[in-house]
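In our numbering, the protein residues as written are 135 to 343.
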Amino acid sequence: MENSNTIYDITRAIVAGFHELFGHGVHQLYSRNLPESLRLTDEIGFIITTGPVTEGFADIAEHDSYDFLKNSKKELGVSDEMLEYAILSSQNSKLRIALKLYLALLNEKAKRENFDIRSYLIDGLKLPYEFVEWYLSRDPLLKDVFEVFGHAFSGFIRSNLKKELVQEFGEQFLLQHPDIVRKAMATGVWSSKIYPKAVKYFLKKYTES
Ligand SMILES: [Zn+2]
135 MENSNTIYDI
145 TRAIVAGFHE
155 LFGHGVHQLY
165 SRNLPESLRL
175 TDEIGFIITT
185 GPVTEGFADI
195 AEHDSYDFLK
205 NSKKELGVSD
215 EMLEYAILSS
225 QNSKLRIALK
235 LYLALLNEKA
245 KRENFDIRSY
255 LIDGLKLPYE
265 FVEWYLSRDP
275 LLKDVFEVFG
285 HAFSGFIRSN
295 LKKELVQEFG
305 EQFLLQHPDI
315 VRKAMATGVW
325 SSKIYPKAVK
335 YFLKKYTES
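Right, dumping it as structure tokens:
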């Protein structure tokens with residue numbers, strides 16, 4: 135949508151809306167009756183052990199926005215180019231966050247050990263000189279990137295959970311019961327190790343009831 139000099143890109147709002155509402159919002163809703171330590175709250179849902187799970191669930195919802203955008207691009211006035219850009223930038227944001235975390239770790243290493251970070255990044259990883267200098271001038275530290283820890287590992291949670299659920303229930307079952315699968319995924323906030331076990335437990339429970 136274009137109005138004078140301002141361009142509104144509705145795809146960004148939709149992708150973010152799916153992440154926040156159908157991801158974190160739904161997670162909050164289905165975990166609200168559990169003990170406090172398992173509910174999605176600011177205190178519990180975004181600490182270093184649970185962050186990958188809550189962001190992983192929101193990431194699954196964010197991926198649903200791709201199909202929504204594809205199916206409603208005509209009504210929304212979204213061109214193929216805008217659609218491609220929206221999907222790429224959503225996927226790219228996770229990679230950018232993972233890179234940020236990785237560079238902060240290397241920067242910490244450079245401070246503690248005899249490690250030539252510039253040579254490693256520019257000569258070894260072939261990252262552009264300007265980017266490396268700009269990034270290091272900000273002195274990135276691990277304590278500054280804790281809040282993105284969950285986002286950086288969300289993709290891993292998504293693929294790991296899918297693999298485990300397919301193994302136990304079969305792809306057909308998961309396709310036939312999308313609502314209870316999603317509800318089981320959103321019941322409680324867990325550490326990444328426990329999460330697949332908890333989802334399987336609730337999926338069985340919801341199927342039986
Ligand atoms: Zn999020």
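Yeah, the Cβ is synthetic: ideal placement off N, Cα and C, and Gly gets one too. For clarity, every value in this text was computed on a predicted model and none was experimentally measured.
As the crow flies, the alpha-carbon of residue 188 is around 7 Å from that of residue 180. The residue among 203, 247, 270 and 245 with its C-alpha nearest the C-alpha of residue 256 is 270. Assignment of residue 141 by DSSP, reduced to helix, strand and coil, places it in the strand class. The count of Cβ pairs closer than 8 Å, one atom from the segment 148–167 and one from the segment 310–321, reaches three, so the stretches are in contact. According to the DSSP assignment, residue 316 belongs to the alpha helix (DSSP H) that extends over 312–319. Taking non-hydrogen atoms of ligand 1 into account, the C-beta of residue 267 is found less than 7 Å away from none of them. Contact between residue 184 and residue 325 holds: their C-beta atoms lie close to 6 Å from each other, under 8 Å. Closest in alpha carbon position to residue 267, among 168, 229, 231 and 254, is 254.
Residue 286 is not a Cβ neighbour of residue 332, given a cutoff of 8 Å.
Residue 279 sits close to residue 235, with the two beta carbons spaced by under 8 Å. Under the 10 Å beta carbon count, residue 262 is surrounded by fewer than 16 other beta carbons and is classified as exposed. For residue 231, the enclosing alpha helix (DSSP H) has its first and last residue at 214–246. Classified as buried, residue 145 has 16 or more neighbouring CB atoms from the shown chains inside 10 Å of its CB. For residue 224, same chain residues with a beta-carbon under 7 Å away, outside a window of 5 residues either side, are 149 and 196 in chain order.
Annotation note: the segment 272–337 contains the following uninterrupted alpha helix (DSSP H) runs of length 4 or greater, listed N- to C-terminal: 276–279, 283–303, 305–310 and 312–319.
Residues of the same chain with a CB within less than 7 Å of the CB of residue 284, apart from the 5 flanking positions on each side, are 180, 185, 186, 188 and 189 in chain order. Residue 330 is classed as buried because its beta carbon has at least 16 other beta carbons within 10 Å across all chains shown.
The beta carbons of residue 309 and residue 300 sit no closer together than 8 Å. Counted as a single uninterrupted DSSP element, the stretch harbouring residue 256 is not any alpha helix (DSSP H), since DSSP gives it neither H nor E.
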